[in-house]
Amino acid sequence: MNMFPLRLFALGSHFLKGYQRQHVVKVVSGWGHRFSFARLVNKSGLSRNALGNGDLEGEWKVPDDGDGEDHGTEVRRSKGNMCDVKDEEKEGVHIPVMVNEVLMALAPQPGEVMLDFTFGCGGHSRALLQHQPSMRLVVMDRDPEAYKRACLLARKYPGRVFPILGRFSDAWELLQMHGLSSCITGVLVDAGPSTDQLTNPARGFGLSCDGPLDMRMDGENRAPVSAADVVNCLRPEALSALLSAYGEDWRANRIARAIYAARPIVSTTHLACVVEDAYPAGTISRDRLNRKAHVATRAFQAIRAFVNNEPAELLAALEVSGRLLQPGGRLAVIAFHSIEDRIVKRFLHGVPQDSPIGWGARAHIHSRRVLQDLKECNEAQNVTMQEAVKWHIMSKKVVKATFEEVERNPCARSAKLRAAIRV
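For the record, in the sequence shown the residue sitting at position 189 is 196 according to our numbering, with numbers rising by one throughout.
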């Protein structure tokens, strides 16, 4: 197991106490085996030994509401396509991102079974079901709230929707358990948080509405480490590395020092104000529509990605997709920031994720062809070659949302779609 993530972002056992200590160690221990975080950190100029085991400072927990009760809707998982849901909630209005492009990329045919890896609010799933009335859909999400919505959709489309609760890294085992690992013909991955997570203040994802500093996609049960734990426990050096690696924020050091000085930080608006104060007066960030965007967006993105281990989970989804799909199967991935898109691009082109940052797909393919011509490829290099050519890229360039769609749905402003066919 790659030990560097454990050292760099070590929420070490001897810095925490009791219940929190046990679960933090368990969570962090699973972060090193799928994705090389060293590549991200080396990009920001940090060495492997820049941070050690002393990255935590004290213990801090999110204040409890005191009643000790779980106010969420009760959910029970089942091996069959049955879900027990109490207090059904109404389907909210949700506009999926790049839905027409996704339908063209996946091109569902009658009788096919496809997998929506990130059900979220269900926009893409509904579009697929309506576009092809005789197809079936396996929908998956790590968020219990999204799973409840998926159960409601399964009732609306009886026999056509099979909901599963779980992470990308657990997908292969879950699909095998349900007997679904050999029938998937298309996979959709919509990376990043859902609209419901971003707009619900209680989830602590957004910076526009005040709420507890949480950001856990899994909820409290499976993800004991919250954004508040990260913000209030990490030393400034580790926090700066996190902001630089996951958020590519050019003022990571200054933001980390400002957060350290403002502790304890207990709410999203408090954190947003602290980050904003770390920027020079008059600093303006703009989106694709040339509208003002909050300067704390990258910091929130970095903390959220760290809490939910998003890079490793995305890579796990891509790897599982390669195992699920037979030749001719289609994969469509929507990414919302450069780190996610870089992971997807490298995977589809067969470029190792731990290659140097400047080592692009074109250079990798050219080098492989030279080795092939010289007949100097060893067994390990042949495996890399096979992995590199197993996807046929459907579009030469990444597909972005049109300006008209961005005007209608601002959430699409940073969306990037990459689609490929298994060969």
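Ideal Cβ placement from N, Cα and C applies to all residues, glycine included.
What you are looking at is a predicted structure, and each value in this text was computed from that prediction instead of being measured.
- Message: What does the alpha-carbon distance come out to for the pair Ile-400 and Ala-114?
- Response: 15 Å
- Message: Using 7 Å as the threshold, is the C-beta distance between Asn-239 and Pro-208 below it?
- Response: no
- Enumerate in chain order the residues of its own chain whose CB-to-CB distance from His-131 is below 7 Å, with the five nearest sequence positions on each side excluded. Pro-103, Val-106, Val-109, Asp-123, Leu-195, Asp-197
- Among Arg-223, Glu-347, Ile-171, Glu-320, nearest to Arg-252 - alpha-carbon criterion: First, the amino acid is wrong: residue 252 is Ala here, not Arg. It is Glu-347 whose Cα lies nearest to the Cα of Ala-252.
- Task: For the beta strand (DSSP E) holding Asp-148, just list the boundary residues, first then last.
- Result: 143–148
- Nearest CA to the CA of Ala-245: which residue from Ala-235, Pro-231, Asn-316, Arg-264? Arg-264
- Task: Determine the direct distance from the alpha carbon of Asp-236 to that of Phe-354, and round the result to whole angstroms.
- Result: 32 Å
- Query: When the distance is taken between beta carbons, is Ala-288 closer than 7 Å to Leu-341?
  - Reply: Strictly speaking, residue 341 in this sequence is Ile, with Leu absent from that position. For Ile-341 and Ala-288, no; Cβs fall outside 7 Å.
- What do you get for Thr-192, buried or exposed, if any count of 16 or more other CB atoms within 10 angstroms of its CB means buried? buried
- Could you say which of Ala-427, Ala-312, Arg-415, Cys-128 lies nearest to Thr-206 if we only look at CA atoms? Cys-128
- Message: Which residues does DSSP list as the beta-bridge partners of Gly-193?
- Response: Met-121, Arg-337
- Message: Would Glu-320 and Phe-175 be called neighbours here (beta carbons separated by less than 7 Å)?
- Response: yes
- Message: Within 10 Å of its beta-carbon, does Gly-335 have 16 or more other beta-carbons around it, so buried, or fewer, so exposed?
- Response: exposed
- Query: Assuming Gly-357 and Thr-275 make a contact with CB atoms under 8 Å, what is their CB distance in whole Å?
  - Reply: Gly-357 to Thr-275, Cβ: 39 Å. No contact.
- Determine the DSSP secondary structure at Val-237, reduced to helix, strand or coil. helix
- Item | Residues near Asp-284 in its chain [Cβ-Cβ closer than 8 Å; skip 5 each side] | Ala-265
- Message: Pull the bridge partners of Ala-426 from the DSSP assignment, please.
- Response: Ala-339
- Message: Please identify the residue among Phe-169, Asp-148, Trp-398, Leu-249 whose C-alpha is closest to the C-alpha of Asp-203.
- Response: Asp-148
- Grab me the residues of Asp-225's own chain with a C-beta within less than 6 Å of its C-beta, minus the 5 sequence neighbours each way, in chain order. Arg-149
- Bounding residues of the alpha helix (DSSP H) (the contiguous stretch that carries Pro-151): 151–163
- Query: In this structure, does DSSP put Ala-114 in helix, strand or coil?
  - Reply: coil
- Just the Cα atoms here: how many angstroms apart are Ala-248 and His-138? 45 Å
- Message: In whole angstroms, give me the CA-to-CA distance for Ser-345 and Lys-404.
- Response: 14 Å
- Please list, in chain order, all residues of the same chain as Val-327 whose beta carbon is under 6 Å from its beta carbon, the five residues on each side excluded. Ala-178, Trp-179
- Kindly indicate which three-state DSSP category Pro-318 falls into: helix, strand or coil? helix
- Task: Check the DSSP bridge columns for Lys-407 and list the partner residues they point to.
- Result: Lys-423
- Quick one: measure Cβ to Cβ for Leu-318 and Ala-312, integer angstroms, because I've assumed they're closer than 8 Å. A small correction: the amino acid at residue 318 is Pro; Leu does not occupy that position in the sequence shown. Contact holds; Cβ gap of about 7 Å.
- Beta-ladder partner(s) of Pro-170, from DSSP: Val-146
- Task: Using 10 angstroms around the beta-carbon of Gly-211, count the other beta-carbons present and answer buried if the total reaches 16, otherwise exposed.
- Result: buried
- DSSP beta-bridge partners of Ala-252: In DSSP, Ala-252 forms no bridge with anything.
- Run through DSSP, which three-state label would Pro-219 get? strand
- Message: Excluding the 5 residues flanking Ala-427 on each side, which residues of the same chain have their C-beta closer than 7 Å to its C-beta?
- Response: Leu-338, Leu-355, Trp-398, His-399, Ile-400, Met-401
- Alpha-carbon spacing of Cys-5 relative to Asn-316, whole angstroms: With the chain represented from 8 up to 430, any question about residue 5 goes unanswered, as that position is not in the structure.
- Task: Output the distance between the C-alpha atoms of Tyr-164 and His-185, rounded to the nearest integer angstrom.
- Result: 19 Å
- How big is the Cα-Cα spacing for Lys-155 and Gly-199? 19 Å
- Message: So Arg-223 and Ser-215 are supposed to be a Cβ contact under 8 Å. How far apart are they, rounded?
- Response: Actually they are not in contact, since the Cβ atoms of Arg-223 and Ser-215 sit about 19 Å apart, beyond 8 Å.
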